[in-house]
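Be aware that the sequence shown starts at -11, since it is given in this note's numbering, and climbs by one per residue. Ideal Cβ placement from N, Cα and C applies to all residues, glycine included. Predicted model only: the values in this text are computed from it and were never measured.
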Amino acid sequence: MSELYKVSSNPHIRSRMATNGVMLAVVVALMPAAGFGIYNFGPRALAVMMVTMGSTVLTEYFFGLYKNRLTVTDLSAVVTGLLLALNLPVSIPLWMAALGGIFAILVVKMLFGGLGQNFMNPALAGRCFLLISFPTAMTAFDCDAYTGATPLAALKAGESVRLLDMVTGHTAGTIGETSVIAIVLGACFLLLLGVIDLRIPGSYIVTFALFAGIFGGHGFDPAYLAAQLSGGGLMLGAFFMATDYVTRPITIKGQYVFGIILGLLTGIFRIFGPGAEGVSYAIILGNLLVPLIEKYTMPTAFGHRKGGARHEK
C-alpha cells in the first residue's frame, strides 16, 4: 500500500463539516469585521487584506509543490491571511504585510508539518513577528480617517474615551478590531453553526473583566470595563483566535483553564505592562501552555485511577 492509515479504537467523533467547510464558515464570519474595516479605513484596508491573503495562500501553495502535497484547498491559509490583515494597522507598508503572511505560513505552520501541527496561532505569530521587527510601523495608527492615540492608549493615559465610538468602530486601531458589533455578529454566526462554543471566549472575557475591575484602578466602573472590553483586539482574539482548533486544549476543563489564563495574561499586559494592548502575546503564550494544560486536565479513563493504577475488584 502506498498510503498507510492510522486506526485507533472507538469511540470516534464524526462531523458532517469538513476542514474546508469550517474554514469557509470562519471566513464568512469575519466578513462583517472585514467589511467594516474597509468602510472605516478606506480602500487601502482591502489592499492589505489582499496582500496578506495572497502571501499566505501562495506560500502554502509553493511549499506544497515542493513537498508534493498540496493542502491549500482546505482554506486555512485564507483564514490565516485574513486574520493577520485584521490585526494590522491600515498604514502598514504592503511589503511588511506580505512578509508577515510568509512568516505565519512558512515558519509557524508548514515547517512544523502543516495544519494540525502548528504549536501556536499562525496569524498572531505573524503579527508578533512584525511587532518585534517593525514596532514603529505596527503601532502607527494615524491615517486619513483618524489621528492620535487609540482609545486603549488614551484610557491607559487617564484620558476620557467615547464608548459609543469604540462599540460601533468609528475609532483608530487595527483594521478588524474596532467594531465590537461586527465582531460579535460574526461570532454569533459561528456559535449558531456550532463551529465554536463559549467555553474559551466566555472564561477569557469574564476573567479579564474581573482582573481589570480589581487591579485597573477604577473598581468595577461599568464605563471603564466596557471600554476595556471594547478596545483593542480582545473580542477578535477571544472569538476568532483563542478558539483555534489546533492551538487550544482539547479537554473541556482545559478549555476553561485556557480561557482563564488568557484573561489573566491580558490583564497583566494591559494594566501593568508598558503598552496598552496584550491580547496577541497572551494568546501566543497560552498556546505554548496547552500541552501542560491538557496533561493535567485529561479525564481519567474508566477503570483506572489517576496515576495509572487500575481498579481491582
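Cβ separation of residue i and residue j, assumed to be a contact under 8 angstroms, to the nearest whole Å
| i | j | result |
| --- | --- | --- |
| S43 | A86 | 4 angstroms |
| A35 | L82 | 7 angstroms |
| G388 | Y192 | With the chain covering -11 to 301 only, the question about residue 388 has no answer from this structure. |
| G219 | T162 | Actually they are not in contact, since the Cβ atoms of G219 and T162 sit about 11 angstroms apart, beyond 8 angstroms. |
| F107 | F100 | 6 angstroms |
Cα-Cα separation, residue i to residue j
| i | j | result |
| --- | --- | --- |
| G30 | D132 | 9 angstroms |
| I202 | F208 | 7 angstroms |
| A230 | G157 | 22 angstroms |
| G164 | G274 | 22 angstroms |
| T68 | G205 | 36 angstroms |
| I259 | M41 | 33 angstroms |
| T288 | K241 | 12 angstroms |
| T159 | P139 | 7 angstroms |
| T7 | V234 | 12 angstroms |
| G261 | Y54 | 43 angstroms |
| M37 | L70 | 6 angstroms |
| T124 | L118 | 10 angstroms |
| I188 | A145 | 30 angstroms |
| G182 | S79 | 35 angstroms |
| G190 | I249 | 12 angstroms |
| A211 | T195 | 17 angstroms |
| T135 | N56 | 48 angstroms |
| A137 | L151 | 15 angstroms |
| A306 | Q105 | In the structure as shown, the chain starts at -11 and stops at 301, and residue 306 therefore has no counterpart that could be examined. |
| Q243 | M84 | 33 angstroms |
| G263 | N109 | 21 angstroms |
| V45 | M11 | 13 angstroms |
| L143 | R32 | 27 angstroms |
| V149 | E265 | 16 angstroms |
| G52 | C176 | 34 angstroms |
| I26 | T239 | 37 angstroms |
| L276 | E147 | 35 angstroms |
| G9 | V245 | 28 angstroms |
| D232 | G225 | 10 angstroms |
Test item: CB-CB of residue i and residue j under 8 angstroms
| i | j | result |
| --- | --- | --- |
| A215 | M154 | yes |
| N28 | T166 | yes |
| L178 | A13 | yes |
| L63 | V15 | yes |
| I171 | F129 | no |
| P237 | I281 | yes |
| G197 | L180 | Position check: residue 197 holds Ala in this sequence, whereas Gly was assumed. Going by C-beta atoms, A197 is not nearer than 8 angstroms to L180. |
| M223 | V278 | no |
| V60 | Y49 | yes |
| L213 | A200 | yes |
| L58 | G174 | no |
| T47 | G88 | no |
Residue i beta carbon near the ligand NAD (any heavy atom closer than 7 angstroms)
| i | result |
| --- | --- |
| K144 | As far as ligands go, the structure on display features none, and thus does not contain the ligand NAD. |
* Asked: Does the count of Cβ pairs from the stretch 91 to 100 and the stretch 113 to 120 closer than 8 angstroms reach three?
  -> Counting Cβ pairs under 8 angstroms, three or more are found: they touch.
* Decide if the stretch 245 to 259 is in contact with the stretch 269 to 288; the criterion is three or more beta carbon pairs, one per stretch, under 8 angstroms apart. => Note that the stretch 245 to 259 touches the stretch 269 to 288; at least 3 beta-carbon pairs, one per stretch, sit closer than 8 angstroms.
* Three CB pairs or more closer than 8 angstroms across the stretch 6 to 25 and the stretch 61 to 76 -> yes
* What are the complete alpha helix (DSSP H) segments, minimum 4 residues, inside the stretch 15 to 66? -> 31 to 55
* Length at least 4, wholly inside the stretch 209 to 284: the alpha helix (DSSP H) runs in chain order -> 210 to 218 and 240 to 255
* To do: Scan the stretch 93 to 170 and note each continuous alpha helix (DSSP H) run of 4 residues or more that stays entirely inside, going in chain order.
  => 110 to 121, 123 to 126, 139 to 144 and 151 to 156
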